[in-house]
Amino acid sequence: MSDRVHGNEVVLRLDNVTRSFAQGTAKINVLRGVDLTLHAGEIVGLIGPSGSGKSTLLQATGLLEGGFGGEITISGTACSRLKEAPRTVLRGEAIGFIYQFHHLLPDFSALENAAMPLILKGKSRTQSHEQAHALLDRLGLAERLSHRPAKLSGGEQQRVAIARALVHRPKLLLADEPTGNLDQATANVVLDELVNLARDHQVGALIATHNLGLAHRLDRVVALKDGRLHPLADVVA
Ligand code: ADP
Ligand code: MG
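Using this note's numbering, you'd call the opening residue of the sequence shown number 444 and step up by one each time.
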């Protein structure tokens, strides 16, 4: 684990975040008081067994759903009381999301997919494509710009998803097992590229992953256990 210097800017704060689901008459408390502070440029791994609540935490943090308790502050904006419309704007401006499955639009090219967040924000097609092109280039996809997702390998699809998540220069990157669907060798390479790019962009990144072979590339790793986050050292001790 490294002790790299980060920007002082806090891009994400989770204060006593809770989330429960009703199951019949019972209530499952998945998040029971999650605390986390993430600075610009800080890359944090999120681990925990299947069902421990990693996706729930990332979805709440990504403002994909309301209904959480406690407070989530993204780039200085407290989100617990935000109405749907400003929440959607904040999500579009400040957050990039990568899922286990690429969720690319099948009828659009790699370039169009990666440029989509900028187009949706009303940027010109030329400028959006230019920025997307630069990122895809960096990810080694310069020869794949006009390919549709079905014509790309799994690793290439995830690289396009990475470009799409970062193209609008978000402050916060959330990734839910972004390499979980790739073979181990490809997963290592793609995760490494993701970390490099996230660092260059100075985003704060929270990455759920089972791939701890690359833990040394991350700034720290936190584990979700019993609904709370623990530093990895505490968990393995
Ligand atoms: P992980 O990503 O770590 O595998 P999840 O966040 O997907 O864990 O799930 C954590 C727990 O929350 C599981 O017990 C799951 O069944 C439950 N859960 C997640 N989403 C919902 C939902 N929408 N409704 C009911 N239960 C849910
Ligand atoms: Mg999950």
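No residue lacks a Cβ here, since even glycine has one placed at the ideal position from N, Cα and C.
Contacts around residue i, its chain only, beta-carbon distance under 6 Å, and the 5 residues preceding and following it disregarded
i: residue 491; result: 497, 666 and 667
i: residue 631; result: none
i: residue 462; result: 473, 474, 499, 503 and 511
i: residue 454; result: 481, 483, 518, 614, 615 and 647
i: residue 470; result: 463
i: residue 444; result: Confidence at residue 444 is low in this model, with a pLDDT of 46, below 50, so the placement of that residue is unreliable and no value is reported for it.
i: residue 657; result: 634
i: residue 530; result: 506
i: residue 661; result: 486 and 488
i: residue 637; result: 605
Given residue i as reference, the closest of the options once Cα atoms are compared
i: residue 674; options: 646, 477, 601 and 588; result: 477
i: residue 577; options: 609, 657 and 529; result: 609
i: residue 424; options: 585, 648, 463 and 657; result: Residue 424 is absent from the structure shown; the chain starts at 444 and stops at 680.
i: residue 582; options: 606, 567 and 562; result: 606
i: residue 641; options: 535, 612, 524 and 603; result: 612
i: residue 538; options: 522, 633 and 568; result: 522
i: residue 624; options: 669, 466, 653 and 543; result: 543
i: residue 590; options: 658, 515, 657 and 552; result: 552
i: residue 586; options: 568, 554 and 565; result: 554
i: residue 557; options: 531, 572, 633 and 528; result: 572
i: residue 489; options: 651, 564, 671 and 672; result: 651
i: residue 526; options: 509, 594, 516 and 559; result: 509
Extent of the continuous beta strand (DSSP E) run through residue i
i: residue 607; result: Unbroken run through residue 607 is the alpha helix (DSSP H), 597 to 609; no beta strand (DSSP E).
i: residue 614; result: Careful: residue 614 lies outside any beta strand (DSSP E) and carries neither H nor E.
i: residue 462; result: 453 to 466
i: residue 534; result: It is not in any beta strand (DSSP E) - residue 534 instead sits in the alpha helix (DSSP H) that spans 527 to 537.
i: residue 481; result: 469 to 482
i: residue 489; result: 486 to 490
i: residue 514; result: 512 to 517
Presumed contact (8 Å Cβ cut-off) between residue i and residue j, rounded CB distance
i: residue 541; j: residue 618; result: 4 Å
i: residue 479; j: residue 457; result: 4 Å
i: residue 563; j: residue 535; result: 7 Å
i: residue 501; j: residue 520; result: Not quite, the Cβ-Cβ distance comes to about 18 Å (not below 8 Å), so this is no contact.
i: residue 459; j: residue 513; result: 4 Å
Residue i Cβ short of 7 Å to ligand 4 heavy atom set
i: residue 497; result: No copy of ligand 4 occurs in the structure displayed; its ligands are ligand 1 and ligand 2 alone.
Contact set for residue i: own chain, Cβ-Cβ below 8 Å, skip 5 residues either direction
i: residue 600; result: 545, 547 and 592
i: residue 468; result: none
i: residue 633; result: 598, 601, 602, 605, 621, 622 and 625
i: residue 580; result: none
i: residue 570; result: 561
Where the alpha helix (DSSP H) through residue i begins and ends
i: residue 498; result: 497 to 504
i: residue 549; result: From DSSP, residue 549 is part of no alpha helix (DSSP H); its letter is neither H nor E.
Contact set for residue i: own chain, Cβ-Cβ below 7 Å, skip 5 residues either direction
i: residue 626; result: none
i: residue 680; result: Annotation note: pLDDT 48 at residue 680 (below 50); position unreliable, coordinate value reported separately. Cβ neighbours of residue 680 beyond the five flanking positions: none.
i: residue 671; result: 475, 476 and 477
i: residue 495; result: 667 and 668
i: residue 452; result: 482 and 483
i: residue 588; result: 552, 553, 554, 576 and 579
* Whole beta strand (DSSP E) runs in the region 627 to 673 with 3 or more residues, listed along the chain? -> Inside the region 627 to 673, DSSP marks whole beta strand (DSSP E) runs of 3 or more residues at positions 647 to 651 and 663 to 668, from first to last along the chain.
* At what residue ranges does the region 566 to 599 contain a whole run of the alpha helix (DSSP H), taking only runs of 4 or more? -> Within the region 566 to 599, the complete alpha helix (DSSP H) runs of at least 4 residues fall at 568 to 581.
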